[in-house]
Amino acid sequence: MSRRSWRKEQGGYTVIEILTVAAVIAVLLLIAVPVYRDYLTNTRTVDAVNALEALRLEIRAPAKTRLGLQQCNDTLVLAENLNSDYLALHIGSAPNDLSNPGGSQGYGVTMEVLATIDNQGVDGIAVAKAFYKELQAKMPDDLVAGVVTDSAVAFGVRLSEAGQPFCDPAGALISSSNGALGASGVANRPPIAGDNIRLGRMNEDASLTIDPAMLLASSWDPDGDALIIDSVQPGAGGGKVTGNTASGFVYTPPKDFYGDDVRLLFLVNDGRAVSTGAAYVDVQSVLDPPNVSLTLSAAQQILDTGTDGRAIVDRLNTGGDMREMTLEFSVVGRQGGSATASTGPVIFNYGTNGNNNVISAWRPSNFTVAIHGKDYATGINIADGNNHRVTVSWESATGTLRVFDNGKSVKTFNDVGTGASVPGNGHLVIGQKMNSPGSRSGWNAGEHYNGQVFGSTFSNHHYSEQEISSAPIYAQGQGIIADLRSQGGSMRDLTGNHQVDMQGRYRTSTVDVDTALALIPPGSEVKITVSASPHQSDGKIASLTLNGLGSLTLTDGTNSGRGNVNITGWDLSQLRINLPPGFSGNQDLTLKAVAVDGSQMAESSVISALRMTR
């Protein structure tokens, strides 16, 4: 075929010319169809805007607003104002204050806009998207709970005046239009959780019960779904929350914490989505009772065991084997040794010729009792430099071994020598263990206790917890076998039943000993040590009173008084009582402190015994 045949005319036009014109027309159609479609969408969006304005005029008409709170559903407006070929329009409701749906601003009326791919088609989705976009640009504050997808669009737009309660809350919570999108199953609008819920005030160091219904009343679901509170958690303020949605929640702030606007976070669940809300509580400061202490002390002789000093009683008159016993000693510890070593400083040792370790009190840094061939470590440190009245009680019938520190129970061991007995008439050593009883030798330097010992008492009576807490056992006198005290430059048995042999480089000295450890000698000067401080830094001590003196005179060198004495402003470092000749009573002294902080007041007191007799 020749080149010319391609230019053969067809009714006056060539084939190439015809094809060119067809291509131009196709391009014009490709451009024109979307433009026309956008034109239709915009026109239909204008119709939606007009419907919105018509509904607003109807809702805001004076005749309507004077009717009070109304049921906000489709019957509220003229039916023709809800007509649309491309959108489903309904009347609904929404909280005026989305941060607190249950707040005083109540519910306003909304136009609910809905389009789904199944019901309104592609054109309806396009119109709904365009309408939503236009409202976002022109009136974003009036948009409520929007969800926009390619298969469904739903949102509300407020019709009534902002902040004006319009809808009856009962009807507002379950509107005839709310829930249309969720019911369609194609999408879900998450719940709105209030984020400014006020829970009121609570006291410091107290707990607040939170009713889930209160949180639900301040939450809202645009689809009308039933809501539950999944959880409540503390915010930055800390503390803890216990409970659940069925029983309610309980918030407890951190100890001693107080402050306003403490934030709690809660999760609201509509069954398909979860939202986080916030509630606030004011934790008001409560003045705590002040910290107080009262210690009485008097000059006493003590034994300082030094590097190798010890006191020995060769043979105790126990009255035979013992099926119960109580051991007590008072020390000011300075040396502890290892807390885990198999050997270490021994404060008290009782043994026989056949067993040099029947009972031992040793390892001060982890005070341990050895009895019936086994060690019982208590975990307490009596080598901290403080005064310690250590009491150990045991009875065969129950197998109970109890350890007390300054009258307070610190450890109980069970099944210790149940049904067994402790062999009697053995030897006693203070400050070391006798490893060769028959020869009174075998001293191990690693087992020597270097410290201050005020005294040691051994009894074949099992003292109760109440008895031990009330006073030293030597002051009570039951079953006392030996009562070793520092007197006249050495240790003596004040029962008069035993000779005490002193060995090594020891010395005695006079120091102030807490009266909780020992009876006060007649005619002593009793030093009173008091302290009082507010629990909170912004509180202050308003008054201090020492009660129970009776006829005894309290002085600080400048001031003095008897009976109940207000010592506010006294020199607390110089308080003392000089016991008169012939005085031999027992009295309880009470220190009372009152703290104030503004209009708040709190008080606390502490009792210490002044004991001179058993």
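Numbers given in the working numbering equal positions in the sequence shown, counted from 1, plus 448.
All C-beta atoms in this analysis are idealised placements derived from N, C-alpha and C, irrespective of residue type, glycine included.
Remember, predicted model here, so these are calculated numbers, not experimental data.
Between residue i and residue j, is the Cβ-Cβ spacing less than 8 Å?
{"i": "Asp769", "j": "Pro871", "result": "yes"}
{"i": "Leu764", "j": "Ile807", "result": "no"}
{"i": "Gly865", "j": "Ile819", "result": "yes"}
{"i": "Gly707", "j": "Val731", "result": "yes"}
{"i": "Asn1034", "j": "Met1060", "result": "yes"}
{"i": "Asn717", "j": "Asp671", "result": "no"}
{"i": "Gly691", "j": "Thr700", "result": "no"}
{"i": "Ile750", "j": "Phe777", "result": "no"}
{"i": "Leu965", "j": "Asn835", "result": "yes"}
{"i": "Gly540", "j": "Cys520", "result": "yes"}
{"i": "Ala809", "j": "Thr958", "result": "no"}
Once the 5 residues before and after residue i are set aside, which same chain residues still bring their CB inside 8 Å of it?
{"i": "Tyr580", "result": "Val561, Leu591, Gly594, Val596, Val601 and Phe603"}
{"i": "Ala990", "result": "Thr1016, Val1042, Ala1043, Val1044 and Met1049"}
{"i": "Leu535", "result": "Ala496, Val561, Leu562, Ala563, Gln568, Gly572, Val575, Ala576 and Phe579"}
{"i": "Lys445", "result": "For the chain, the structure presents residues 449 to 1062; residue 445 sits outside this window and is missing."}
{"i": "Gly745", "result": "The sequence shown places Ser at residue 745, rather than the Gly named in the question. Taken in chain order, the residues that qualify are Asp960, Val961, Asp962, Thr963, Val974, Lys975 and Thr977."}
{"i": "Leu1002", "result": "Ile976, Leu994, Ser1008, Gly1009, Arg1010, Val1013, Ile1015, Leu1023, Arg1024 and Ile1025"}
How is residue i classed by DSSP in three states: helix, strand or coil?
{"i": "Pro588", "result": "helix"}
{"i": "Gly925", "result": "coil"}
{"i": "Phe579", "result": "helix"}
{"i": "Gly648", "result": "strand"}
{"i": "Thr558", "result": "strand"}
{"i": "Lys512", "result": "helix"}
{"i": "Met662", "result": "helix"}
{"i": "Ile539", "result": "strand"}
{"i": "Ala893", "result": "helix"}
{"i": "Ile878", "result": "strand"}
{"i": "Arg504", "result": "helix"}
{"i": "Asp571", "result": "helix"}
{"i": "Asp709", "result": "strand"}
{"i": "Asp931", "result": "strand"}
{"i": "Val497", "result": "helix"}
{"i": "Ile916", "result": "helix"}
{"i": "Ala1057", "result": "strand"}
{"i": "Thr523", "result": "helix"}
{"i": "Pro793", "result": "coil"}
{"i": "Asn529", "result": "helix"}
{"i": "Pro738", "result": "coil"}
{"i": "Gln1022", "result": "helix"}
{"i": "Asn814", "result": "helix"}
{"i": "Ser679", "result": "strand"}
{"i": "Ser1052", "result": "strand"}
{"i": "Ser887", "result": "helix"}
When you compare only the Cα positions, how much space is there between residue i and residue j?
{"i": "Ser655", "j": "Asp571", "result": "57 Å"}
{"i": "Val722", "j": "Ile565", "result": "26 Å"}
{"i": "Asn908", "j": "His946", "result": "16 Å"}
{"i": "Asp756", "j": "Ser934", "result": "17 Å"}
{"i": "Leu1020", "j": "Gly903", "result": "30 Å"}
{"i": "Val680", "j": "Lys856", "result": "41 Å"}
{"i": "Phe861", "j": "Gly998", "result": "43 Å"}
{"i": "Gly1011", "j": "Asp1036", "result": "12 Å"}
{"i": "Val1073", "j": "Gln900", "result": "Here the chain comprises residues numbered 449 to 1062, so residue 1073 is not present and cannot be evaluated."}
{"i": "Arg811", "j": "Gly833", "result": "15 Å"}
{"i": "Asp653", "j": "Thr743", "result": "29 Å"}
{"i": "Asp678", "j": "Pro549", "result": "18 Å"}
{"i": "Leu1058", "j": "Leu1023", "result": "14 Å"}
{"i": "Ala923", "j": "Ile968", "result": "11 Å"}
{"i": "Thr791", "j": "Gly767", "result": "31 Å"}
{"i": "Val1092", "j": "Pro793", "result": "The chain is shown only over 449 to 1062; residue 1092 falls outside these bounds and no answer can be derived."}
Kindly list the residues whose CB is nearer than 7 Å to the CB of residue i, restricted to its own chain and excluding five residues on each side of it in sequence; keep chain order.
{"i": "Ala727", "result": "Ile645, Leu647, Leu663, Leu712 and Phe714"}
{"i": "Ser547", "result": "Gly642, Asp643 and Asn644"}
{"i": "Thr943", "result": "Ile928, Ala930 and Asp931"}
{"i": "Gln553", "result": "Asn544, Asp545, Gly611 and Pro613"}
{"i": "Leu500", "result": "Met559 and Val605"}
{"i": "Gly1065", "result": "The displayed coordinates of the chain run from 449 to 1062. Any statement about residue 1065 would go beyond what the structure contains."}
{"i": "Asp823", "result": "Thr816"}
For residue i, which residues of its own chain have a beta-carbon under 6 Å away from its beta-carbon, when the five flanking residues on both sides are left out?
{"i": "Thr1038", "result": "Asn995, Gly996, Ser1053 and Ile1055"}
{"i": "Ala759", "result": "Ile878, Met939, Val948 and Met950"}
{"i": "Leu478", "result": "Low local confidence applies: a pLDDT of 48 at Leu478 is under 50, so the model's placement there is unreliable, with the coordinate-based value given in what follows. Nothing listed; no residue qualifies."}
{"i": "Lys1040", "result": "Thr993 and Ser1053"}
{"i": "Leu530", "result": "Leu537"}
{"i": "Val481", "result": "Any reading at Val481 must be qualified, since the residue scores a pLDDT of 40, below 50, and its modelled position is unreliable; no value is offered."}
{"i": "Val840", "result": "Leu775, Val817 and Val851"}
{"i": "Gly516", "result": "none"}
{"i": "Gly952", "result": "Asp756, Gly757 and Arg758"}
{"i": "Phe906", "result": "Leu775, Ile929 and Ala930"}
Indicate, with yes or no, if the ligand GDP has a heavy atom lying under 7 Å from the CB of residue i.
{"i": "Pro737", "result": "No copy of the ligand GDP occurs in the structure displayed, which carries no ligand at all."}
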